[in-house]
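Undergrad: What follows is a structure written as structure tokens; I'll ask about it next.
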Amino acid sequence: DGGITQSPKYLFRKEGQNVTLSCEQNLNHDAMYWYRQDPGQGLRLIYYSQIVNDFQKGDIAEGYSVSREKKESFPLTVTSAQKNPTAFYLCASSRSPGLAGVRNTQYFGPGTRLTVL
Amino acid sequence: LAKTTQPISMDSYEGQEVNITCSHNNIATNDYITWYQQFPSQGPRFIIQGYKTKVTNEVASLFIPADRKSSTLSLPRVSLSDTAVYYCLVGDSSGNTPLVFGKGTRLSVIA
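Residue numbers (our numbering), protein chains in the order written: chain A, 693 to 809; chain B, 20 to 130.
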């Protein structure tokens, strides 16, 4: 929504396989984020990136990897090391952090629901 | 980051005004208060943001007392389509530290 696209909407994976979730934004935002949401729970931060070629671990980074080679793209790879990967994954972006007067409002994509078979 | 506390769930009838209060006792001077709305299987959507006193937009109002240790999201005349989870977040405007989403308040609007 609002210029952020995630694909695919539904994804099925066999246990032991790696899978990459796509996130693209055309909002010219510098910062991008990945969250995981389990049923009935809030959002938990996996990774975030405030600038191209740089990213930081969030609260639950184990078993996940990211890259930020382009400003508009922030793909998330769910590796076989993630023991319980079935969840709803949300990508978000926000304007440049640290700019005076800029408030850290995040805009979210529609999400990808990953199911491990 | 300032921790927030909000009710787990609330019920309301259609047409009523709903007030959801969020407690943030450790809010810092530079922190803003932001509310998001999330429908099932969708990403959260920004509703409103404020620093102090009162903010109003076409969707909701946000009331913040002088001590800023709490805030109240007010939804006027709710409809069934307002059934969602509402998150209260507190963070500074620099954006250098990501916002933290708690479990939110699950609002159920009943006909």
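C-beta: ideal position from N, C-alpha, C; glycine also.
Note that the structure is a prediction, hence the values are computed from the model and not measured.
Just verifying my parser: in three-state terms, what is the DSSP assignment at B:SER60?
TA: Residue state, collapsed to three classes: coil.
Undergrad: Would DSSP call B:ASP101 helix, strand or coil?
TA: Three-state DSSP puts B:ASP101 in a helix.
Undergrad: Cβ of B:GLY69 within 7 angstroms of Cβ of B:ILE52?
TA: Their beta carbons are under 7 angstroms apart, which means B:GLY69 touches B:ILE52 by this criterion.
Undergrad: Would you report the Cα separation of B:LEU81 and A:ARG805, rounded to the nearest angstrom?
TA: Those two C-alpha atoms are separated by around 32 angstroms.
Undergrad: Do you know whose CA, among A:GLY732, A:THR769, A:ALA773, lies nearest A:CYS783's CA?
TA: Considering only alpha carbons, the answer is A:THR769.
Undergrad: Interface residues of chain B around A:PRO802 at Cβ under 8 angstroms?
TA: Simply GLN61, GLY62.
Undergrad: Is A:TYR756 close to chain B, meaning its C-beta is less than 7 angstroms from at least one C-beta of that chain?
TA: Not one chain B Cβ lies under 7 angstroms of A:TYR756.
Undergrad: When we look at the beta-carbon of B:GLY110 and count the other beta-carbons within 10 Å, is it buried (16 or more) or exposed?
TA: By the 10 Å Cβ count, B:GLY110 comes out buried.
Undergrad: Would B:ILE129 be called buried (16 or more neighbouring beta carbons within 10 Å of its own) or exposed?
TA: Answer is exposed; the Cβ neighbour count stays below 16.
Undergrad: With 7 angstroms as the threshold, decide whether the Cβ of A:LEU737 is near any Cβ in chain B.
TA: Chain B contact via Cβ: present.
Undergrad: Counting contacts by CB-CB distance shorter than 7 angstroms, is B:GLY34 in contact with chain A?
TA: No - not a single Cβ of chain A is within 7 angstroms of the one on B:GLY34.
Undergrad: With C-beta atoms as the reference, is A:TYR781 less than 7 angstroms away from A:LEU713?
TA: Contact flag set, yes.
Undergrad: Less than 7 angstroms separating the beta-carbons of B:THR24 and B:THR91?
TA: Cβ atoms of B:THR24 and B:THR91: not closer than 7 angstroms.
Undergrad: Taking DSSP as the reference, what is the three-state secondary structure of A:THR712?
TA: Of the three classes helix, strand and coil, the one that applies to A:THR712 here is strand, per DSSP.
Undergrad: Any chance the segment 759-767 of chain A sits against the segment 699-707 of chain A, with 3 or more Cβ pairs inside 8 angstroms?
TA: Too few Cβ pairs lie closer than 8 angstroms, so no.
Undergrad: For chain B, check one thing: does any of its Cβ atoms lie closer than 7 angstroms to the Cβ of A:ILE740?
TA: Strictly speaking, residue 740 of chain A in this sequence is Tyr, with Ile absent from that position. Closer than 7 angstroms: yes.
Undergrad: Taking a Cβ distance cut-off of 8 angstroms, strictly less, list which residues of the segment 81-99 of chain B are near chain A, in chain order.
TA: Against chain A - using a Cβ distance shorter than 8 angstroms - the segment 81-99 of chain B contributes no residues.
Undergrad: Step through the CB atoms of chain A and report whether any lies within less than 7 angstroms of the CB of B:PHE58.
TA: Chain A contact via Cβ: absent.
Undergrad: Please decide whether A:GLY734 counts as near chain B, where near means a Cβ-Cβ distance under 7 angstroms.
TA: Answer yes: the Cβ-Cβ gap between A:GLY734 and chain B drops below 7 angstroms somewhere.
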